[in-house]
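Peer 1: To start, I am sharing the structure in question, which I have written as structure tokens.
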Amino acid sequence: MFPTENTAKGRVTATAASPFSEEDLVMAHPHSSHNVEEVQRGPSAGCFHCLKIFASSEVAEWLADGTVLCPYCDIDSVLGSLSGYPLTMDFLLAMKKHWFRKISLQQGE
Ligand SMILES: [Zn+2]
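Residue numbers (numbering that gives the first Met the number 0): 0 to 108.
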């Protein structure tokens, strides 16, 4: 017997309105800095610049201050699974929209 009701309730569906508060997005951002230990201790990590979700063992580069660089785009926008924030496409996209929107506008998007 499938727990259909539970599954439906637990699933966060992407809607026009972001399911994440601005506070969440602001609070999560420090976890993308000085985070090499946090990232490596967790099983997986996600990048809110290129939106990849990958195994933390793929992380091979970080800055002298311990800030992890994404193995796919070399941007310091990696969150570890121990950050306490969901490493889902929805969350990474919300982070990207919040933190990279101004940069994208400057590039003429
Ligand atoms: Zn990336």
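Just so it is clear, CB atoms sit at the ideal spot from N, CA and C, and this is done for glycine as well.
Thinking C-beta only, is histidine 30 closer than 8 Å to serine 82?
Peer 2: Reading the sequence shown from its first residue, position 83 is the one you call residue 82. Reading the sequence shown from its first residue, position 31 is the one you call residue 30. Yes, these two residues count as a Cβ contact at 8 Å.
Peer 1: On a CA-only basis, which of Thr87, Gln39 and Trp98 is nearest alanine 54? Give me that one, please.
Peer 2: For the purposes of this step, residue 54 is taken as the residue at position 55 of the sequence shown. The option with the nearest alpha carbon to alanine 54 is Gln39.
Peer 1: Using a Cβ-Cβ cut-off of 6 Å (strictly less than) and excluding sequence neighbours within five positions of alanine 76, which residues of its own chain qualify?
Peer 2: For the purposes of this step, residue 76 is identified with residue 77 of the sequence shown, where counting begins at 1. One detail in the question is off: residue 76 reads as serine in this sequence, not alanine. Here the set comprises Ser31, Cys46, Phe47 and His48.
Peer 1: Among the residues of its own chain, which have a CB less than 6 Å from the CB of leucine 91, if the five just before and after it don't count?
Peer 2: Translated into positions along the sequence shown, residue 91 becomes position 92. Same-chain partners within the cutoff: Gly45, Phe47 and Leu50.
Peer 1: Could you tell me if the beta carbon of asparagine 96 falls within a distance shorter than 7 Å of some heavy atom in ligand 1?
Peer 2: Within the sequence shown, residue 96 is the residue found at index 97, counting from 1. The amino acid occupying residue 96 in the given sequence is lysine; asparagine does not appear at that position. No - ligand 1 has no heavy atom lying nearer than 7 Å to the Cβ of lysine 96.
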